[in-house]
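Written below as structure tokens is the structure these notes are about.
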Amino acid sequence: MMVTALICGTLFGLGAVFAAIRLVKGPTQIDRAVALDVMLAIVVGVIVLLAAVSGSGITLVIAVVVSLLGFIGSAGLAKLLPRDRQ
Amino acid sequence: MTTIDIIASVALILGALMSLLAGIAVLRFPDTMSRIHAATKPQVLGIILLMLGVGLRIGSPGVIGMLVLIVILQFVTAPVSAHLTVRVAFRNAKGDDERAMEEPAHSASDDGPAQMAQALVEENANKPGGSTNDGR
């Protein structure tokens, strides 16, 4: 199980780094919102992986809250981002 | 290391791989809409694979109930948030690059993808009318 945790942690870390690069240099604000969404999905995945490694499901409550907060943040960004650039 | 553990490990690694693919795609794809398309994959398929791995590893009913709750929440919220984001991207893409689709001139009302496609077809068929599009 530790080997699985190491492999999954490496994959999650690489994905988060790539999304962070897009978050820094995204041309538009929508790209940054999308990169933030990907990073939030990775955070949910890491929390779930922590639950799988530790063998107790107590951290899954945090995963529920983070996924709901991700939806609220994404919908709010889509509503409040400036629409012009023309 | 039983068979169930091996299946759970494979599911966890596939879910993590989905996140890595989304990261690479968000970094490498050339367009905002293709990035949104790729970014929606780990939010549904990756979460389902991870939940499958955790549910195979921890078998208690409370944990499985919470996993099903997370999966249902992701199923409901991920397409909605992606649709909201891509709508803003669609309306902004007009001023950004030339090869992006033009917004139909008579779509003052809020419309779905089918009506959007029909409006594009109508706009290509005949000359577009007066610009009544001033945003909502």
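Going down the list, the protein sequences come from chains A and B.
With our numbering applied, the first sequence covers 1213 to 1298.
With our numbering applied, the second sequence covers 104 to 239.
For every residue, glycine included, the Cβ atom is placed at its ideal position computed from N, Cα and C.
Reference residue i; option with closest CA among the options
i, options, result
"ALA1228(A)", "ALA1247(A), LEU1218(A) and THR1240(A)", "ALA1247(A)"
"THR1216(A)", "ALA1290(A), PRO1294(A) and VAL1258(A)", "VAL1258(A)"
"LEU172(B)", "ARG160(B), ILE151(B) and GLY156(B)", "ILE151(B)"
"ALA1232(A)", "CYS1220(A), ILE1219(A), SER1266(A) and ASP1249(A)", "ASP1249(A)"
Residue interval of the alpha helix (DSSP H) (run including residue i)
i, result
"VAL1258(A)", "1241-1266"
"VAL129(B)", "106-131"
"THR1216(A)", "1214-1237"
"LEU1289(A)", "1272-1292"
"VAL147(B)", "Here VAL147(B) belongs to no alpha helix (DSSP H), and DSSP marks it neither H nor E."
Pairwise C-alpha distance: residue j and residue i
i, j, result
"VAL1273(A)", "LEU176(B)", "13 Å"
"LEU1278(A)", "ALA217(B)", "Reading off the sequence shown, one finds Val at residue 1278(A), where the question assumed Leu. Near 32 Å, if we compare the C-alpha coordinates of ALA217(B) and VAL1278(A)."
"GLN146(B)", "PRO164(B)", "24 Å"
"ILE275(B)", "ALA1253(A)", "The question about residue 275(B) has no answer, for chain B in this structure spans 104 to 239."
"SER112(B)", "ALA128(B)", "24 Å"
"VAL174(B)", "ASN195(B)", "32 Å"
"ALA203(B)", "ALA1290(A)", "Confidence is the limiting factor: at ALA203(B) the pLDDT is only 48, short of 50, which leaves the residue's position unreliable, though a coordinate-based value still follows. Spanning the two alpha carbons is a distance of roughly 19 Å."
"GLY1225(A)", "LEU123(B)", "8 Å"
"LEU223(B)", "ARG190(B)", "15 Å"
"PRO133(B)", "ARG1244(A)", "14 Å"
"GLN221(B)", "MET154(B)", "39 Å"
Contact test: residue i Cβ vs the ligand NAP heavy atom, cutoff 6 Å
i, result
"LEU1218(A)", "Here there are no bound small molecules, and the ligand NAP is not part of this structure."
Report yes or no: do three or more beta-carbon pairs, one from the stretch 1276-1284 of chain A and one from the stretch 1230-1244 of chain A, lie closer than 8 Å?
no
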